[in-house]
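Numbering (the numbering used here), first residue to last: -15 to 101. Remarks on the structure that follows.
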(Lines of atoms letter the chains of each structure in order from A and count residues from 1; the text may use other names and numbers.)
(Lines give C-alpha, C1' and ligand atoms only; values in the text may rest on other atoms or scores of the structure.)
Protein backbone atom coordinates (compact mmCIF):
# COMPACT_ATOMS: atom_id res chain seq x y z
CA UNK A 1 0.00 0.00 0.00
CA UNK A 2 0.85 3.62 -0.29
CA UNK A 3 2.37 5.19 2.80
CA UNK A 4 1.35 8.69 3.83
CA UNK A 5 3.45 10.41 6.47
CA UNK A 6 1.57 13.20 8.15
CA UNK A 7 3.94 15.09 10.39
CA UNK A 8 2.48 18.16 12.09
CA UNK A 9 3.84 21.67 11.88
CA UNK A 10 5.54 23.13 14.94
CA UNK A 11 2.75 25.65 15.61
CA UNK A 12 0.36 22.86 16.55
CA UNK A 13 1.28 22.80 20.22
CA UNK A 14 -1.09 21.37 22.77
CA UNK A 15 -2.85 23.21 25.55
CA UNK A 16 -1.32 24.21 28.85
CA UNK A 17 -3.74 22.12 30.89
CA UNK A 18 -2.00 18.83 30.18
CA UNK A 19 -4.45 17.73 27.49
CA UNK A 20 -1.52 16.54 25.46
CA UNK A 21 0.32 14.67 28.18
CA UNK A 22 3.72 13.30 27.35
CA UNK A 23 2.87 10.56 24.91
CA UNK A 24 5.93 10.84 22.69
CA UNK A 25 6.59 8.95 19.56
CA UNK A 26 4.55 8.14 16.51
CA UNK A 27 1.71 5.79 15.68
CA UNK A 28 0.61 4.32 12.40
CA UNK A 29 -3.07 4.50 11.44
CA UNK A 30 -4.06 2.19 8.58
CA UNK A 31 -7.20 2.68 6.51
CA UNK A 32 -9.41 0.05 4.89
CA UNK A 33 -7.68 0.64 1.55
CA UNK A 34 -4.23 0.25 3.15
CA UNK A 35 -3.19 3.90 3.27
CA UNK A 36 -0.90 4.42 6.24
CA UNK A 37 -0.74 7.63 8.22
CA UNK A 38 2.21 8.10 10.55
CA UNK A 39 1.27 10.74 13.12
CA UNK A 40 2.59 11.97 16.41
CA UNK A 41 1.04 9.93 19.19
CA UNK A 42 -0.26 13.04 20.98
CA UNK A 43 -2.36 13.95 17.95
CA UNK A 44 -3.80 10.45 17.62
CA UNK A 45 -4.75 10.58 21.30
CA UNK A 46 -7.39 13.21 20.45
CA UNK A 47 -9.54 10.19 19.63
CA UNK A 48 -10.97 8.48 22.69
CA UNK A 49 -11.07 5.20 20.77
CA UNK A 50 -7.46 5.40 19.61
CA UNK A 51 -6.34 6.50 23.07
CA UNK A 52 -8.01 3.42 24.60
CA UNK A 53 -6.43 1.20 21.93
CA UNK A 54 -2.94 2.60 22.46
CA UNK A 55 -3.00 2.57 26.25
CA UNK A 56 -4.94 -0.65 26.84
CA UNK A 57 -4.12 -4.31 26.49
CA UNK A 58 -4.82 -4.37 22.77
CA UNK A 59 -2.52 -5.38 19.94
CA UNK A 60 -2.71 -1.73 18.84
CA UNK A 61 -0.84 -0.67 21.97
CA UNK A 62 2.30 -1.50 19.96
CA UNK A 63 1.74 1.71 17.99
CA UNK A 64 -0.28 0.59 15.00
CA UNK A 65 -4.05 0.68 14.54
CA UNK A 66 -6.02 -0.66 11.58
CA UNK A 67 -9.45 0.72 10.71
CA UNK A 68 -11.16 -1.65 8.25
CA UNK A 69 -14.26 0.55 8.18
CA UNK A 70 -12.54 3.88 7.36
CA UNK A 71 -11.27 4.70 3.85
CA UNK A 72 -7.95 6.50 3.39
CA UNK A 73 -9.56 9.69 2.11
CA UNK A 74 -11.65 9.89 5.27
CA UNK A 75 -8.84 8.90 7.64
CA UNK A 76 -6.67 11.63 6.13
CA UNK A 77 -9.32 14.25 6.99
CA UNK A 78 -9.68 12.76 10.48
CA UNK A 79 -5.93 13.14 11.06
CA UNK A 80 -6.16 16.74 9.86
CA UNK A 81 -9.00 17.26 12.35
CA UNK A 82 -6.82 15.92 15.20
CA UNK A 83 -4.30 18.65 14.40
CA UNK A 84 -7.02 21.30 14.11
CA UNK A 85 -8.50 20.33 17.46
CA UNK A 86 -5.18 20.46 19.32
CA UNK A 87 -4.10 23.66 17.60
CA UNK A 88 -7.16 25.46 18.96
CA UNK A 89 -7.39 23.69 22.32
CA UNK A 90 -7.91 26.36 25.00
CA UNK A 91 -7.74 29.05 22.32
CA UNK A 92 -8.70 32.58 23.22
CA UNK A 93 -9.49 33.45 19.62
CA UNK A 94 -12.58 32.35 17.69
CA UNK A 95 -12.06 28.80 16.51
CA UNK A 96 -12.46 28.49 12.76
CA UNK A 97 -14.75 25.82 11.40
CA UNK A 98 -13.09 22.65 10.24
CA UNK A 99 -14.01 22.31 6.57
CA UNK A 100 -15.49 19.00 5.46
CA UNK A 101 -16.23 18.41 1.78
CA UNK A 102 -19.95 17.61 1.33
CA UNK A 103 -19.16 14.29 -0.33
CA UNK A 104 -17.31 13.17 2.83
CA UNK A 105 -19.83 14.48 5.37
CA UNK A 106 -21.56 11.19 6.17
CA UNK A 107 -18.31 9.20 6.26
CA UNK A 108 -16.70 11.83 8.51
CA UNK A 109 -19.68 11.75 10.86
CA UNK A 110 -19.50 7.96 11.11
CA UNK A 111 -15.72 8.02 11.63
CA UNK A 112 -15.97 10.76 14.27
CA UNK A 113 -18.63 8.77 16.12
CA UNK A 114 -16.58 5.56 15.99
CA UNK A 115 -13.33 7.30 16.95
CA UNK A 116 -14.93 9.40 19.71
CA UNK A 117 -13.45 12.70 18.56
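For glycine and all other residues, C-beta sits at the position ideal for the given N, C-alpha and C.
Please tell me whether residue 69 and residue 101 are closer than 9 Å, where the distance is taken between their beta carbons.
Residue 101 sits close to residue 69, with the two beta carbons spaced by under 9 Å.
* To do: Evaluate contact between the stretch 50 to 58 and the stretch 81 to 100, counting only Cβ atoms and requiring at least three cross-stretch pairs below 8 Å.
  => Yes, the stretch 50 to 58 is in contact with the stretch 81 to 100.
Taking only three categories from DSSP, how would you classify residue 48?
Residue 48: strand per DSSP, three-state reduction.
*asked:* Could you check whether the Cβ of residue 97 sits closer than 9 Å to any Cβ belonging to chain B?
replied: This model lacks chain B altogether, as it is built from one protein chain only.
Query raised in the report: When you compare only the Cα positions, how much space is there between residue 103 and residue 58?
Result: Coverage of the chain is limited to positions -15 through 101, which leaves residue 103 absent and any answer about it impossible.
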